[in-house]
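Engineer: Protein sequence lines, in the order shown, are assigned to chains G and A.
So the number in the working numbering is just where the residue sits in the first sequence, counting from 1, plus 9.
So the number in the working numbering is just where the residue sits in the second sequence, counting from 1, plus 298.
Glycine included, C-beta positions come from ideal geometry on N, C-alpha and C.
Pasting a structure here, questions to come.
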Amino acid sequence: MTLVLPPKPRTWPKTLLIAGALVAFTVLTCLPAIGGVELDFASIAKNWRHGASKLAQLAQPDFSFLPRTWVPMLETIQMAVVGAVVAAAVSVPLTLWASRPTNPNSVTRGIVRTIINVIRSVPDLVYATILVALTGVGALPGLITLFLFDLGVVVKLVSEAIDSDKHAYLEAGHAAGATQFQLNRALALPQSLPLFANQWLYALELNVRISAILGIVGAGGIGRLLNERFGFYAYDDVSVIILEILVVVILIEVASNLLRRRLA
Amino acid sequence: MSALPAPPSKTQATVWSVIAGLAILACLVFLDVDWAALLGLPKSSWEYGVLMFSDPTWSKLPRALFETWRSISMAWLGAIGCVVISIPLGMLAAHGVGPTWLRLALRGLFAVIRAVPEVIIALILLTVTGLTPFTGALALGIAGIGTQGKWVYETIESLNDDASEAVSAAGGGKAAVLRWALWPAALPTLMSFALYRFELNIRMSAVLGLVGAGGIGSMLSNYTNFREWGTVGMLLIVVIVATMLVDLVSGAIRRRIMEGSRARGLVRRR
C-alpha cells in the first residue's frame, strides 16, 4: 500500500493578493500630493543630535522639583477617579441596553450603540479642546472628557463581551417567566459584574495616562504643569513628572490587578 | 443533626467598600471644579451645537479630506513601524524565548515608553524632523511600541505549549520553536493587534495634530482657536465619519482573521 499525500493547498495567489493590497495602500499613504506622508529619513541622519541632546537632558531628572507636583498630581488622580466612577455608574444601564441578550429590542439597541460609536469616534483631546472653549480652563472640561472616553470604552467592550457569551441562565430565567427587567436585574447584572469591574479598573488606569495630555489644552491636572515645564525647556522637571506618572500608573495597575484577582 | 455552615464573614468586604466609598467621596469633594459651570453646560453646548451643525462650512470639505488622508497616512505608517519593531522585541520579551536579563530589560523599556505621553515623544521628535507629518508617523510608531510589545509577549505566553514541545522533541532548537510553533500560532492574533494599532493611531493622530504634526487634528484645533464654529462642526462630522469607516473596515478584517484562528484551535481563549 502506498501512502498518498494530500495535495498541498494552493495559498500563494491569496497571499500575493493580500500583500499587493497592503503594498498599494502603503504606497498611497506615502504620496504627499494627495495628503500622504513624505518619508524624510535624511533629516533623521542630519538632525538626530538635537533629539539625542533632549533625551540626555531628560535623563537627568531634578528631584527637587517633586514637591511642586503633588497638588496637580492629586488633581489628576481625583479627576481620574471621579470620571471613572461616574462613567461606571452610567455605563451599567447603557451596556445592558446595548447588548443583545439583555435588550431584545433591536431599535433601542441600535440607538444606544450608534450613540456610543459616535462618542468613541471623537478623539479625547478634541473633546477637551471644545469643552475648554465651552466651560473655560480648569478641571471640569477634563472631567467631562474622561467621563465620555470611559463611557465609550466600557460600554463598547462589556456589551461585546456579553454578546459573545453563552447565556443558558438567561434562558432558564426566561422559561421561569421572568420579565426582561427581572432577568437583567437578577441574572445578567451579577453575571457580568466581573466584566464590568475589569473595564472600570482599566478605565481608571487609562484616565491617569490621558490626563497627562489633557493639560495641553488647559483641561487641568498634571498635564498642565507638564506642558508648562516643557514650554520653559525645563527638561529636568519634565522627566520628574513623567517618572511620577509612571509610578502612579504602575501603582494603579498593581492595585487593580489585586482587585481583579479577588473579583474573578 | 446537620448544622449549617456559618455564613462567610462579610466584615472585610464591608470595610473595604466603606474605605473605597470614602476615598471616592473625598476625591469628589476636594476636586476644585466650578460646578455652576456644569449646570450651564447643557445650555451652552446646545448653543455651540447650533453654531457648529446648523450650517457646517462644506466649502472647506476638500481641504478636510486632504488632511484626513494625511491623518490616515500617519496612522498607517506609524502602525507599520510600530508593529515591525515590536513583534521581534515582544517575542524576545516572552517567557521561555529570550534570556532573563533581556526579557527584564525589554519589559522595562516597554513600561517606560508606555509612561511617556505621545505628545512628549512628538515634541522631542520635532527637533529632529521638524513640523511635518513624518514626525507624527514616527511619534505614533515609537509611542505604540510600549503597548504593542506588551500585547506581543502576552500573546506568545498565552499560547499552548504543545506545539513548542513537539518541535523540541523533534530536535528543534529555540529558533525552530519560534519559527514553526510560536509564530504560526500567534500570527492571527498579532495581525489582529496590528490592525487594532492602526485604529488606535487614527484617534491618536488627532492628538498629534495639536502639536503641529499636521493632519485633521491640526485643522480642528486651529479652527477651534479661530472660533470658526461652522468649520469645526464640518470637521467633527468628517472625523466621526472617517473614524467609524476605518473602524468598520478594520474591524471586519480583524474578525475574519480571528475567526480563522479560532477554528484552528491554536489560540487558547482567555
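Within 10 angstroms of its Cβ, does N193 (chain G) collect 16 or more other Cβ (buried), or is it exposed?
Structural biologist: buried
Engineer: Using a Cβ distance threshold of 8 Å, determine whether the segment 385-396 of chain A contacts the segment 476-488 of chain A, with at least three qualifying pairs required.
Structural biologist: yes
Engineer: Output needed for T144 (chain G): all residues of its chain with C-beta closer than 6 Å, excluding positions within five of it in sequence on either side, in chain order.
Structural biologist: P150
Engineer: With the cut-off set at 9 Å, would you say M88 (chain G) and L152 (chain G) are in Cβ contact?
Structural biologist: At a Cβ-Cβ threshold of 9 Å, M88 (chain G) and L152 (chain G) count as neighbours.
Engineer: Does DSSP put E253 (chain G) in a helix, in a strand, or in coil?
Structural biologist: helix
Engineer: Quick check on R562 (chain A) - is its C-beta less than 9 Å from some C-beta in chain G?
Structural biologist: Note on R562 (chain A): pLDDT 48, under 50, position unreliable in the model; the coordinate value appears next. Output row for R562 (chain A): interface = no.
Engineer: What is the DSSP secondary structure of R109 (chain G), reduced to helix, strand or coil?
Structural biologist: Here DSSP, grouped into helix, strand and coil, assigns R109 (chain G) to coil.
Engineer: Using CA coordinates, which residue listed in G:S62, G:A197 and G:I225 is at the minimum distance from P275 (chain G)?
Structural biologist: Residue 275 (chain G) cannot be examined here, being either before or after the span of chain G that is shown, 10 to 273.
Engineer: Could you compute how far the alpha carbon of R270 (chain G) sits from the alpha carbon of G469 (chain A)?
Structural biologist: 39 Å
Engineer: From what residue to what residue does the alpha helix (DSSP H) around G439 (chain A) run?
Structural biologist: P431 to E455
Engineer: Identify which residue in G:W209, G:R122 and G:P102 has its Cα closest to the Cα of V94 (chain G).
Structural biologist: G:W209
Engineer: Just to confirm, are R525 (chain A) and A107 (chain G) a CB contact at a threshold of 9 Å?
Structural biologist: no
Engineer: Should M517 (chain A) go down as buried or exposed, given a rule of 16 or more other Cβ atoms within 10 Å for buried?
Structural biologist: That one is buried.
Engineer: Who are the near neighbours of L179 (chain G) in its chain, counting only those whose CB is closer than 7 Å to its CB and skipping five residues on each side?
Structural biologist: P110, L192, L196 and A197
Engineer: Within a Cβ cutoff of 6 Å, which residues of the same chain sit near G563 (chain A), ignoring the five residues on either side of it in sequence?
Structural biologist: Annotation note: pLDDT 47 at G563 (chain A) (below 50); position unreliable, coordinate value reported separately. Here the set comprises nothing.
Engineer: How would you list, in chain order, the residues of chain G whose beta-carbon sits under 7 Å from the beta-carbon of M372 (chain A)?
Structural biologist: V46
Engineer: Grab the span of the alpha helix (DSSP H) containing L498 (chain A) for me, first residue to last.
Structural biologist: W481 to L508
Engineer: Using a cut-off of 8 Å between C-beta atoms, extract the partners of M88 (chain G) located in chain A.
Structural biologist: L329
Engineer: Count Cβ pairs between the segment 122-137 of chain G and the segment 499-512 of chain A that sit closer than 8 Å; are there 3 or more?
Structural biologist: Contact between the segment 122-137 of chain G and the segment 499-512 of chain A is present, with at least three C-beta pairs closer than 8 Å.
Engineer: Less than 7 Å between C-beta atoms, sequence neighbours within five positions excluded: which residues of the same chain meet that for E497 (chain A)?
Structural biologist: V544, D545 and S548
Engineer: If you follow the alpha helix (DSSP H) that Q191 (chain G) is part of, which residue opens it and which one closes it?
Structural biologist: Q189 to L192
Engineer: If you measure between the beta carbons of T117 (chain G) and S201 (chain G), is that distance less than 9 Å?
Structural biologist: no
Engineer: What would DSSP say about E459 (chain A), mapped onto helix, strand or coil?
Structural biologist: Glu is not the amino acid found at residue 459 (chain A); the sequence shown has Asp there. Coil, per DSSP.
Engineer: Would L359 (chain A) pass as a contact of M542 (chain A) if the rule is Cβ separation under 9 Å?
Structural biologist: No; because the gap between Cβ atoms is not below 9 Å, this pair is not in contact.
Engineer: Put H280 (chain G) into one of helix, strand or coil per three-state DSSP.
Structural biologist: Residue 280 (chain G) lies beyond the residue range present for chain G, which begins at 10 and ends at 273; the question has no answer from this structure.
Engineer: Measure the C-alpha to C-alpha separation of A420 (chain A) and G232 (chain G) and round it to an integer number of angstroms.
Structural biologist: 15 Å
Engineer: Taking Cβ-Cβ distances shorter than 9 Å, what residues in chain G pair up with G428 (chain A)?
Structural biologist: D49, S52 and N56
Engineer: At least one CB of chain G closer than 9 Å to the CB of M517 (chain A): is that the case?
Structural biologist: Closer than 9 Å: no.
Engineer: Determine the direct distance from the alpha carbon of I383 (chain A) to that of L436 (chain A), and round the result to whole angstroms.
Structural biologist: 12 Å
Engineer: Return the chain-ordered list of same chain residues with a C-beta closer than 7 Å to the C-beta of A48 (chain G), the five sequence neighbours on each side being excluded.
Structural biologist: In the sequence as displayed, the identity of residue 48 (chain G) is Leu instead of Ala. Excluding residues within five positions, the ones whose Cβ falls inside 7 Å are C39.
Engineer: Beta-carbon of K23 (chain G) versus every beta-carbon of chain A: anything under 9 Å?
Structural biologist: no
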